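Heads up, the sequence shown is in the working numbering, so the first residue is 541 and it goes up one at a time. Virtual Cβ for every residue (Gly too), placed ideally from N, Cα, C. In this text, all values refer to a predicted model and were calculated from it rather than measured experimentally.
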Amino acid sequence: VQLEASGGGLVQAGGSLRLSCVASESIDSISDMGWYRQAPGKQRELVAAITSGGSTNYADSVKGRFTISRDNAKNTVYLQMNSLKPTDTAVYYCAARKEPYGGMDYWGKGTLVTVSS
């Protein structure tokens, strides 16, 4: 499965962006999909994840501001980011795993999000 992320860009603090991640094949058999990010000089961290059943999980730093969703008919997972802060600046990656355990099996290339103050 190939994943292609898009939607990054430059936005002012307080603004919004929506990231999209399109899979090259059906995600019906994909258990979990998630968004990770890596800021300069920092380790990659989980931002949000969603299961095949629609359960979601968020990093504390984005709760109440970011929303993850998936559209299996379009083989796409989204990350709606509102009230963006300069600390959200990072390269964002989408990822997926076929089983609800273990590490992610598939990774997309990142999309850069830059939030200016």
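- Non-local beta-carbon contacts of residue 596 in its own chain, meaning distances under 6 Å to residues more than five positions away in sequence, involve 590 and 608 in chain order.
- Secondary structure note for residue 541: it is in no beta strand (DSSP E), with a DSSP letter that is neither H nor E.
- Under the three-state reduction of DSSP, residue 629 is assigned to coil, being neither helix nor strand.
- Closest by C-alpha distance to residue 543, out of 549, 625 and 559, is 559.
- Taking a contact as a CB-CB distance under 8 Å, the pair residue 587 and residue 606 counts as one, their CB atoms being some 7 Å apart.
- Listed in chain order, the non-local C-beta contacts of residue 612 below 6 Å within the same chain comprise 567 and 568, local neighbours out to five positions each way being set aside.
- Exposed is the label assigned to residue 550, since fewer than 16 other Cβ atoms lie within 10 Å of its Cβ.
- With respect to residue 648, residue 561 sits close: the two C-beta atoms are nearer than 9 Å.
- Remark: C-beta atoms of residue 629 and residue 602 do not approach each other more closely than 9 Å.
- Its chain contains 571, 572 and 591 as the residues whose beta carbon lies nearer than 7 Å to that of residue 640, once the 5 sequence neighbours on both sides are disregarded; these appear in chain order.
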